[in-house]
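Residue numbers (mature numbering (1 follows the signal peptide of the UniProt record, and there is no 0)): -24 to -1, 1 to 267. Ideal Cβ placement from N, Cα and C applies to all residues, glycine included. Below: the structure, in C-alpha cells.
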Amino acid sequence: MKRSTTGLVLGSALVVGLSGCASSASQSSSAEKPWYSQPFVCGLAGGLIGGGLGYSVSGDSDEDTGASLGAVGGATAGALLCADDAPKSMDDDGDGVPNDRDECPGTPAGVAVDAKGCPLDTDGDGVADYKDQCPGTPAGVTVDAKGCPLDSDGDGVPDYQDQCPNTPAGAKVNALGCVADLVLRDVNFEFDSAKLTANAEKVLNGVAAKLVSNENVRVRVEGHTDSVGSDTYNKQLSQKRADSVKAYLASEGVGSARIETMGYGEEQPVAGNDTSAGRAENRRVELAEVK
C-alpha cells in the first residue's frame, strides 16, 4: 500500500477513534470513565496512530522525524480530546455537596453534613450536632436553642421528666422534680375497691410516661385511707390500692422492679377525719422517690 493511502487510513482512524473516546468521556462526566476514554489511554492511542501517520506521509530521508512529530501530535490530540473539560460544579462552602444540590449553603468549615448539604442532627431535635449541647435527646422532646430539654421551672429536672412542674424558684427537689412526696390527685378507686376509675388511669398515663423517660429513678407507691372501718381492713385495702397502681404503671412500660408498694391504711392522715372533706384528703395515693 502506498504511504499516502496509509496516511489517509491512519488519519481517518485517528479522527474516528479519538472522537469516539472524547464522546465517551463527555457522556461519562457524572460517572466513572471507562478505561478506554481515560486521557492516558487516548494519548497512547493517539501517539501510535499519529506516529504511523507521520511516518506514512514523510519521505525516505525524514521517516524518523515524521514519525516522532506525528506521535507527539497524536498523543497530545488524544489526551486533549479525552480530557474531562465539563464545567466543575461549584461548592462555595466546601462541604462536599455542590451548590446546585446544597439545601443548606454557608455551612461552617469542617461541619459534617448529610447528602443534602445540611449539618447532621443525630437526635432529630432541630439543633445541629455541632451546636447541640445536649446530644441524644429523646424523640419528640421540646428543646431550647442549645438543643437541651426545656426546664420551665428551673429545678434541674427537665419538663418531660418532671412530675411536679411549676416548683417555686430555688426549691430543692428530688429526682421526680418534687419538693416532697407527690400526691397523685384524682387517682381514685371504685367504692370499697382497689379497681381504678377511668379518670385515674388517664392521670397515671402521664405519670408513667415521665417515669419511663426517667429510667434511673425508683419509686414507692403509698396507699392511704380515712379512718372509717377497722384498722386492719383499711391497711389491707390501702395495700391493694397501692398494688393496683403499681400494676397499671407496669402495664404502661415502667419496670415493675423499679416500683415498691406500701399500704399505710389510716396511720398517716393529712387532715381531720371528722369532716367529709378531711376524709377525702386522707383517701389518697402518694408517689415517693426511693434512694
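Residue i - DSSP class collapsed to helix/strand/coil
i	result
Y240	strand
L158	strand
L172	strand
G182	helix
G86	coil
G199	strand
V221	helix
R260	strand
Residue environment, residue i, which counts as buried when at least 16 other CB atoms sit within 10 Å
i	result
G100	exposed
Q244	exposed
G239	buried
P81	exposed
A156	exposed
L126	exposed
N210	buried
N258	buried
E262	buried
D68	exposed
Closest by C-alpha distance to residue i, when choosing among the options
i	options	result
S128	G205, C110, G153	G153
G112	D69, S189, V266	S189
R196	D67, L213, V159, A85	V159
A253	T201, G229, L225, K216	T201
A264	Y106, K216, Q139	Q139
K107	G70, P84, D67	P84
A233	L187, V87, V149	L187
G241	G229, L213, A226	L213
E191	C94, V103, P95, V266	V266
G102	G86, A88, A121	A121
A256	R77, F167, T98	F167
A226	P95, A174, A184, T118	A184
Residue i - partner residues in DSSP beta bridges
i	result
R194	V266
P125	V119
P95	V89
F165	L172
Chain B within 8 Å of residue i, Cβ atoms only
i	result
A91	In the displayed structure, chain B is absent; only one protein chain is listed.
Three CB pairs or more closer than 8 Å across the stretch 162 to 179 and the stretch 216 to 223: Yes, they touch.
At least 3 beta-carbon pairs within less than 8 Å: the stretch 143 to 150 vs the stretch 239 to 256: Cβ pair count under 8 Å is below three, so no.
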